[in-house]
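K.L.:
Protein chains in written order, with the numbering used here: chain A, 7 to 397; chain B, 7 to 397.
Structure, rendered in C-alpha cells:
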C-alpha cells in the first residue's frame with residue numbers, strides 16, 4: 007500500500023457511498039468528478055479557473071504527455087505538479103485507451119504495444135512497466151495500470167483475450183510499481199513518493215468475464231479499482247447493469263472509479279450503484295461545441311432562439327458565467343468565434359458537474375440519496391424538450 | 007458637454023500629464039491603456055479576467071457590433087454594458103477604420119460610406135449620423151466620430167481630402183450627438199445618457215494638414231480629441247513627431263487619445279508628448295501568437311530554448327501567469343495547441359501594458375517621468391537580444 011493513500015467511507019445511503027480519499031497532494035471528497043486535463047491542461051480554461059471551480063483532482067494522460075512534451079522533461083521540471091503549477095491531486099490515465107483508440111498502426115505483443123505517435127508517426131512503445139515508469143516520472147497522485155482496451159464492438163473471445171492480457175499486465179504493473187516504490191529502480195525518478203496505483207477491471211458487457219477480471223485484479227491488489235471498457239457505445243441500461251454488477255464485488259474499503267463516464271444522469275445512476283469516482287470529456291468538449299448543461303437537460307447555445315435571451319444559462323446556477331452573462335451574450339460569443347465562448351461555457355459545464363457531485367455528497371450524508379436521485383432524474387432530460395433545433 | 011464627463015489634470019512631469027477622466031460608468035486614471043474588445047469581448051480571456059487585471063476601460067467596435075449581433079439587438083438588451091455584463095467604462099470606435107481597412111467594396115460619398123459586410127457581403131452603410139446613432143444604441147461611455155481614414159501610403163492630396171471630409175463629418179457627427187443628447191431623436195434609444203463624444207484629428211504625417219485638422223476639430227468642439235491616422239506604417243520617430251506636434255496644440259483641459267498605438271516603448275514616448283489614452287491590439291494579438299512582453303523586450307514562447315525553462319516569463323512580473331506557471335509550461339501549452347496558452351499569454355501581456363501605465367502614472371505623480379522614461383528605454387528592446395530564433 008502507498009503510505010500516503012487512504013480511503014474511508016463516511017456515510018452511506020442505499021448502495022451510494024460518501025467517502026474521503028487522501029492522496030499525496032490532498033484530500034478528495036467522494037463521490038467526485040475529475041475534470042479531464044489530457045495534455046496537462048483542462049481544455050478551454052486556465053488552471054486558476056479550474057481551482058476556482060473547486061475541482062479537488064484532475065486527470066492527465068500518460069500517452070499524451072509521453073508523446074509531448076515528454077515525461078523525462080516533466081521529471082526534470084520536478085514532476086507534473088511543478089510543471090503545470092497545479093498543487094492539488096492528479097490522476098494519470100495509463101495511456102492504454104489512447105494507444106487503442108488514437109495511435110497509428112500498432113502491434114500488440116505480450117510484452118507491450120508498439121505504435122505510431124498520432125502527432126508525427128514516430129514509433130513508440132508502452133508496456134505495463136514503462137507506463138508505470140512514465141507515471142512515476144510524472145509524479146501523479148494516482149497511476150493507472152496499462153490495460154488492453156477491447157473495442158466496444160469486439161467479440162466475446164476478443165473481450166476475453168483483452169481481459170486476460172490486462173490481468174497478466176496488472177500483475178507486472180503492480181510488481182513494477184512496488185519496485186519503484188521501494189527504490190529498486192534508481193534510474194527512474196519518482197516525483198511523488200506517495201503515489202497510489204489503481205487496477206482496471208475489463209471484460210466488456212460479459213458478466214462472467216467481469217467476474218474473472220475482478221477476482222484476478224483484486225488478487226493482485228491495488229489501492230483502488232477502476233471499471234474500464236464501459237461507455238464505449240453500449241446502451242445506458244447495460245452500462246449501469248455492468249457497473250453495478252462490478253462495483254458490488256469490489257472491495258468495500260477501496261474507491262471505485264468508473265472510467266470515462268459520463269452524462270449527468272449517468273453519474274447519478276452510477277453513484278446509486280456504488281461508484282465513487284468519475285472522469286469524462288463531455289462537460290469540457292461539449293462546452294466548446296456550444297452545448298451547456300442545465301438541471302433540465304442540455305441546451306445548444308448557438309440556437310437562434312437565444313439571440314435575444316437576457317436570462318442566464320441556468321437560473322439556478324451559481325457559476326460566474328451564469329452570474330455575469332446572458333444566454334444572448336454567450337450565443338454572440340459563440341457565433342462570433344470568440345475564444346471566451348469556450349472558456350465561459352467550460353466554466354459553466356464543469357461547475358454543473360462539480361455542483362451535481364456536491365449535491366450528491368450532501369444527499370448521501372443526509373441519507374436521502376434515493377430522493378435526490380428521483381428528483382434529479384425527474385427534472386433532467388438528455389434532450390431539452392423546449393428546444394427548437396434550427397441549426 | 008456631456009454632464010457625466012469630466013477630466014482633470016492632477017499632476018505634470020514635463021509634457022507628461024497625470025489625469026482623472028470621469029465617465030458615465032466610472033473613473034479612468036490617465037495615462038491609460040484601453041484593452042481592445044472589438045466584438046464585445048477581449049480576445050483570449052473572459053471579462054472577469056479583464057476586470058481582475060484592473061482594466062478601467064475597454065474598447066468595443068461600432069462596425070463589428072453593427073454587423074453582428076446588431077446594435078438594435080444590443081439596445082433591446084439595455085445597451086452594451088448590460089449585454090456584455092461589463093460594468094466599467096467602454097469606448098466605442100466609430101467603425102471608420104474598419105470600413106476603410108476591412109469591409110469589402112466601398113463607395114465613399116459626402117453623405118457617408120456604402121460598403122459590403124466582411125462577413126457575408128451584404129450591403130451596409132455608415133455615416134456621421136448613423137455611426138452616432140449606433141453608438142447611442144450601444145450606450146458606450148465614449149463615442150468616436152465617424153472619420154475617413156486615408157491609407158498609410160496615400161498622397162498628400164488624398165490625406166488632405168480625407169482630413170477635410172473628416173472635418174465636415176465631425177460637424178455633422180457633433181450635431182447628431184447633440185440632437186441625440188437633447189432628446190430630439192426619440193426613435194434612437196440612448197442606453198447611456200451621459201455618453202461623451204471624441205473628435206478625431208487626421209492629416210497623415212503632414213504637419214500643416216494636422217494643424218488645419220486640429221483647428222477645425224477644436225472649433226466643432228468635443229469632450230476630448232483623438233489623433234487618428236498614425237501607427238499605419240510610418241517610422242516610429244515620425245509617429246512620435248506628429249503625435250507630439252498635434253498633442254501640443256490640443257486643448258489643455260481635454261484628454262488626448264492616440265488611436266491604435268502601440269508597442270510598449272511607443273506608450274512611454276507618447277506620454278512624454280502629452281498623450282493620455284491609448285488602445286492597441288498588440289498585447290492581445292501577440293499573446294495568441296506566442297509573443298510575450300517583458301521589461302527587456304518581447305520573447306517568443308514557442309522558441310525551443312524555453313522547453314525546459316522553469317522560470318516565469320518575467321521574474322519582475324506579478325501577473326497570475328508569471329506567479330503560477332513557467333516558460334516551459336507556457337511553451338508546452340502553445341505547442342500543444344491548448345486554448346489556455348492564449349488565455350495565460352493574454353493575461354500576461356495585458357498585465358504588462360496596464361502595469362506599465364501604472365508605473366507611468368506613479369512616475370508623473372512623483373515628478374520623475376523623465377527618469378522613468380530613461381530607465382524604461384534603457385532596459386526595453388523591441389528585439390530580445392538573447393533570443394535565438396529557431397522556428
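Ideal Cβ positions, reconstructed from N, Cα and C, are used throughout, including at glycine.
Since this is a predicted model, take the numbers as computed values, not measurements.
Return the chain-ordered list of same chain residues with a C-beta closer than 6 Å to the C-beta of residue 307 (chain B), the five sequence neighbours on each side being excluded.
P.N.:
296, 298, 336, 337 and 340, listed in sequence order.
K.L.:
For residue 397 (chain A), decide whether its Cβ has a neighbour in chain B, counting only Cβ atoms nearer than 8 Å.
P.N.:
Confidence is the limiting factor: at residue 397 (chain A) the pLDDT is only 34, short of 50, which leaves the residue's position unreliable, though a coordinate-based value still follows. By this cut-off, residue 397 (chain A) is not an interface position.
K.L.:
Less than 8 Å between the C-beta atoms of residue 128 (chain B) and residue 119 (chain B), yes or no?
P.N.:
No, they are not a contact pair.
K.L.:
Strictly under 8 Å for the Cβ-Cβ distance: is residue 79 (chain B) near chain A by that measure?
P.N.:
Yes - at least one Cβ of chain A is within 8 Å of the one on residue 79 (chain B).
K.L.:
Can you name the residues of chain A whose CB is closer than 9 Å to the CB of residue 339 (chain B)?
P.N.:
Here the neighbours are 45, 46 and 47.
K.L.:
Kindly say whether residue 335 (chain A), judged by its beta-carbon, lies nearer than 8 Å to any beta-carbon of chain B.
P.N.:
True, the Cβ-Cβ gap to chain B drops below 8 Å.
K.L.:
Suppose you measure from the CA of residue 323 (chain B) to the CA of residue 303 (chain A); what does that come to, to the nearest Å?
P.N.:
Near 43 Å, if we compare the C-alpha coordinates of residue 303 (chain A) and residue 323 (chain B).
K.L.:
Short check: CB of residue 94 (chain A) to CB of residue 51 (chain A), under 8 Å?
P.N.:
Cβ atoms of residue 94 (chain A) and residue 51 (chain A): not closer than 8 Å.
K.L.:
Going by C-alpha to C-alpha distance, which of A:73, A:383 and A:348 sits closest to residue 108 (chain A)?
P.N.:
Closest by alpha carbon: A:73.
K.L.:
Tell me, which residues are paired with residue 246 (chain B) by DSSP?
P.N.:
Paired residue(s): none; residue 246 (chain B) is not in a bridge.
K.L.:
Determine which residues share a DSSP beta bridge with residue 310 (chain B) and list them.
P.N.:
DSSP, once it has assigned bridges, lists no residue as partnering residue 310 (chain B).
K.L.:
Go to residue 150 (chain B), then tell me how far its beta strand (DSSP E) extends in each direction, as first and last residue.
P.N.:
Unbroken beta strand (DSSP E) run through residue 150 (chain B): 148 to 150.
K.L.:
If we count the other Cβ atoms within 10 Å of its Cβ and call it buried at 16 or more, is residue 173 (chain B) buried or exposed?
P.N.:
Burial call: buried.
K.L.:
Do we get a CB-CB distance below 8 Å when we pair residue 346 (chain A) with the residues of chain B?
P.N.:
Yes - at least one Cβ of chain B is within 8 Å of the one on residue 346 (chain A).
K.L.:
Quick one, which residues of the region 131 to 150 of chain B are near chain A if we go by CB-CB under 8 Å, in chain order?
P.N.:
Going along the region 131 to 150 of chain B in chain order, one finds no residue with a Cβ nearer than 8 Å to chain A.
K.L.:
For a contact defined as C-beta to C-beta under 8 Å, what are the partners of residue 4 (chain B) on chain A?
P.N.:
Here chain B covers residues 7 to 397 and nothing more, so residue 4 (chain B) does not appear.
K.L.:
So what does residue 232 (chain B) bridge to, in DSSP terms?
P.N.:
In the DSSP output, where bridge partners are listed per residue, residue 232 (chain B) has B:206 and B:263.
K.L.:
Whose C-alpha, out of B:135, B:164, B:275 and B:384, is nearest the C-alpha of residue 244 (chain B)?
P.N.:
Checked all of B:135, B:164, B:275 and B:384; the closest Cα to residue 244 (chain B) is B:275.
K.L.:
Select from A:66, A:43, A:26 and A:41 the residue whose C-alpha is nearest the C-alpha of residue 35 (chain A).
P.N.:
Selected option, being the one with the closest Cα: A:26.
K.L.:
Between A:186, A:115, A:136 and A:110, which has its C-alpha nearest residue 124 (chain A)'s C-alpha?
P.N.:
Selected option, being the one with the closest Cα: A:110.
K.L.:
List the DSSP bridge partners of residue 65 (chain A).
P.N.:
Answer is A:42 and A:97.
K.L.:
So with Cβ pairs under 8 Å, would you call residue 331 (chain A) a contact of chain B?
P.N.:
So, interface residue.
K.L.:
Which of the three DSSP states is assigned to residue 269 (chain B) in this structure?
P.N.:
Three-state result, residue 269 (chain B): coil.
K.L.:
Taking only heavy atoms of the ligand HEM into account, decide whether any of them is closer than 7 Å to the Cβ of residue 203 (chain A).
P.N.:
Although the ligand HEM was asked about, the structure shown includes no ligands whatsoever.
K.L.:
Looking at residue 261 (chain A) and residue 282 (chain A), is the spacing between their C-beta atoms short of 8 Å?
P.N.:
Yes.
K.L.:
Round the Cβ separation of residue 315 (chain A) and residue 328 (chain A) to the nearest angstrom and send it over; I've been treating them as touching at under 8 Å.
P.N.:
About 13 Å separates the two Cβ atoms, so there is no contact after all.
K.L.:
Any beta-carbon of chain A closer than 8 Å to the one on residue 288 (chain B)?
P.N.:
No - not a single Cβ of chain A is within 8 Å of the one on residue 288 (chain B).
K.L.:
For residue 385 (chain B), which three-state DSSP category applies?
P.N.:
Correct three-state label for residue 385 (chain B): helix.
K.L.:
In chain order, what residues of the same chain have a beta carbon less than 7 Å from the beta carbon of residue 362 (chain A), not counting five sequence neighbours either side?
P.N.:
The answer, listed in chain order, is 270 and 273.
K.L.:
Measuring only the C-alpha atoms, how far is residue 134 (chain B) from residue 238 (chain B)?
P.N.:
Cα-Cα distance, rounded: 23 Å.
K.L.:
Using the three-state DSSP reduction, which class does residue 166 (chain A) fall into: helix, strand or coil?
P.N.:
In this structure, residue 166 (chain A) counts as helix in the three-state DSSP scheme.
K.L.:
For a contact defined as C-beta to C-beta under 7 Å, what are the partners of residue 51 (chain B) on chain A?
P.N.:
346, listed in chain order.
K.L.:
At 8 Å on the CB atoms, spell out the chain A contacts of residue 91 (chain B), in chain order.
P.N.:
Ordered by position in chain A, the residues that pass the 8 Å Cβ test against residue 91 (chain B) are 330, 331, 332 and 335.
K.L.:
Using a Cβ-Cβ distance cut-off of 8 Å, determine whether residue 279 (chain A) contacts chain B.
P.N.:
It does not; no Cβ of chain B falls within 8 Å.
K.L.:
Compile a chain-ordered list of the residues in the region 168 to 201 of chain B whose CB is closer than 8 Å to at least one CB of chain A.
P.N.:
The residues in question: there are none.
K.L.:
Skipping 5 residues on each side, what residues in its chain have a beta carbon closer than 7 Å to that of residue 85 (chain B)?
P.N.:
If we look at residue 85 (chain B) and ignore the five residues flanking it on each side, its Cβ neighbours are 144, 145, 197 and 198.
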